[in-house]
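Worksheet: the structure to be examined is printed underneath.
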Amino acid sequence: MAASVIKSVDQYAFNVSLVAYDHGIENVPHSQRLGFKDIKRNTKLSTLDDSQFRVPPSEATPQELSIDQSENVGVWVGMLPVTGRSKAANENASTKTAGEKSTKGKSVNTLALQGGYKVLSTDSKALRVVVPTNKDTASYYALADQDETGLCDGLGIVVNDVYFFPQYRNDDQTDKNKRKSEWSELVRKVSNPEKKITYSKHYDKTKFQVSPKRALTNELSSIINTFLAGGDSTILQSAIDLIDKADTDGAFMPPPSNRHIFKFSSSRVPMTGEECEAARLELLDLAPALKDLPISTQNLSYMSAGIVGSKIVLPYAHTRAFIVDFLRRLEALEFNPDDSAELNEAVVRCRDHVRYQIGGKSSYVEPASEPGDVVRGVLHAEIHKLQSFRTFTHDSIQALKDSQGDSAISTAPTLPQIWTKYGLSPDVDSAKLYAMGVHRHNVEALRCILRPLEQMIDDHCKIMQELSASLPPAESKSDKGDAQEI
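In the working numbering, the protein residues as written are 12 to 497.
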């Protein structure tokens, strides 16, 4: 049944014989990819009756849209109504022949200008036509027999049966044979856009170098590594400049804007009442949120006396956290601030608590071996080597992970296939994202591979430490001399 021409050519699907089909789809899918279950290569739709297959709805199911879960993926290029199938067309060959003669030497656009074209009405039994991706040539399949998984089978059809969407047509082409080849080539460029080339010669991997993440820690690590690799000490000035830009409060020694706070954390002499009041005002100006805490001049005097009395080293960056923790303990009545011994002990606990919370690490120094204690000295040296290697491995992997893909490149030839499958254009941005994903995956895989090695090192160090502790003390030279005299 033919319908009157009331729409533009872009709203219809056309076959190569210039017959239009009113598909009724409001938004024609642009390069839409659909997953399907299987390709029935030995089953042609033209050999089947309507009762031999099930017609699925024209709207794609969620399973069809989840192409990463489908074994077969095709580009939705057009439709196939009942009257457009080869079997129905063969039964009415005379009408088809007459139609072809009337369109000889014409194109879609010329027919639209010279009096219109034949339009097939919307057909509820029309099938969607897809072309599998990653193929050298365009092969057309109609989706039918949808099962409970929401996926269809692909039944083979010929190009004459396909009613193409506008994206896959050249509406100015006047020759039917050229329309077949040219429209199929437009389809192939979407379904398989990559040319078949030798990747080793034509695939420039250096174009997909992923720049490192611009972060203060990465920049500082790069500078320090350069210094450790043989650079002179002048390069460390670059690290200081970076720190100064990020931390204006700590850019000077002492910070001129917080002179009394700096003295509070570093002075070896208890601060006076005036100095404590000045430090309190600087602190409240620096961190207004601390106004809710009972920060008094007397409390700061207690803290200053405790810092001096306990002889601790309080980093300037830990000052605010130290004050908050001290006030918390003071309000909880954990110690008597007027008792110097309790005050000094509380200050040490606050310092340690803040250091552990912020990330400071306590260091363990192996005691020196007694002269002549060769076995224990060898054990301590081996333990130190293993622990250093473990730390180096862990820090290296962490630095590699933090680099966000520095020096990582995309892996050919899988990237072009991903571009093709998801309909992406070959651009540097998507390559960077893919390379970054590959890099992070490899780093995590490396971490998993080395985890048993780290455990083995820990176990080995534990055994040697127990062995060292079980050894009897070595005899000193004086003891040996006394034994010889006896």
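Backbone N, C-alpha and C define an ideal beta-carbon position, used for all residues, glycine too.
Whole-Å CB distance - residue i paired with residue j, under 8 Å assumed
i: D33; j: V173; result: Contact doesn't hold; Cβ gap of about 16 Å is too wide.
i: F346; j: L354; result: 7 Å
i: F47; j: S77; result: Not confirmed; about 12 Å, so no contact.
i: P281; j: V319; result: 5 Å
i: R362; j: I323; result: 5 Å
i: S555; j: A137; result: Residue 555 is absent from the structure shown; the chain starts at 12 and stops at 497.
i: L91; j: I168; result: 6 Å
i: T199; j: T148; result: The sequence given here places Arg at residue 199; Thr does not occur at that position. Correct: roughly 7 Å between the Cβ atoms.
i: I154; j: R139; result: The question names Ile, yet the displayed sequence has Leu at residue 154. The Cβ separation is near 5 Å, so the contact holds.
i: L45; j: G85; result: 6 Å
i: Y179; j: L166; result: Contact flag wrong, Cβ pair sits at about 20 Å.
i: Q157; j: R52; result: With a Cβ gap of about 19 Å, Q157 and R52 do not count as contacting.
i: E393; j: M475; result: 6 Å
i: D182; j: V20; result: 6 Å
i: F175; j: W194; result: 6 Å
i: Y327; j: S276; result: 5 Å
i: A357; j: R331; result: 18 Å between Cβ atoms; not a contact.
i: V170; j: W87; result: 16 Å between Cβ atoms; not a contact.
Per DSSP, cross-strand counterpart(s) of residue i
i: G89; result: V140, F175
i: A155; result: D164
i: K187; result: According to DSSP, K187 bridges with nothing at all.
i: A343; result: The partner list for A343 (beta bridge, DSSP) is empty, contrary to what the question assumes.
i: F337; result: Note: F337 sits in no beta bridge, so no partner.
i: D49; result: D164
i: V130; result: A31
i: S83; result: Looking at the sequence shown, residue 83 is not Ser but Asn. Note: N83 sits in a beta bridge opposite F47.
i: F25; result: A31, F175
i: K200; result: Beta-bridge pairing links K200 to no other residue.
i: K55; result: G167
Residue i burial status per 10 Å Cβ neighbour count (16 or more: buried)
i: E75; result: buried
i: M467; result: exposed
i: Q184; result: buried
i: H395; result: exposed
i: Q43; result: buried
i: L292; result: exposed
i: S479; result: buried
i: N134; result: According to the sequence displayed, residue 134 carries Asp and not Asn. Looking at its Cβ environment, which holds 16 or more other Cβ atoms inside 10 Å, D134 is buried.
i: S321; result: buried
i: T245; result: exposed
i: N145; result: exposed
i: I234; result: buried
i: S62; result: exposed
i: N203; result: buried
i: D252; result: exposed
i: R462; result: exposed
i: N38; result: exposed
i: D470; result: exposed
i: H329; result: buried
i: H405; result: exposed
i: N188; result: exposed
i: Y367; result: exposed
i: F25; result: buried
i: T114; result: buried
i: H271; result: buried
i: N236; result: exposed
i: I498; result: Nothing can be reported for residue 498: it is not among the residues displayed for the chain, which extend from 12 to 497.
i: G127; result: exposed
i: P67; result: buried
i: L464; result: exposed
i: R279; result: exposed
i: D296; result: exposed
i: L56; result: buried
i: A352; result: exposed
i: G150; result: This sequence places Ser at residue 150; Gly is not what is there. Label assigned to S150: buried.
i: F400; result: exposed
i: S118; result: buried
i: L344; result: exposed
Any non-hydrogen atom of the ligand FMN closer than 7 Å to residue i Cβ
i: P281; result: The model on display carries no ligand, and the ligand FMN is accordingly not part of it.
### Task
Jot down the residue ranges of each uninterrupted beta strand (DSSP E) in the region 281-306, minimum 3 residues, whole runs only, in chain order.
none
### Segment contact, 8 Å Cβ cut-off, at least three pairs: the region 303-320 with the region 275-294
yes
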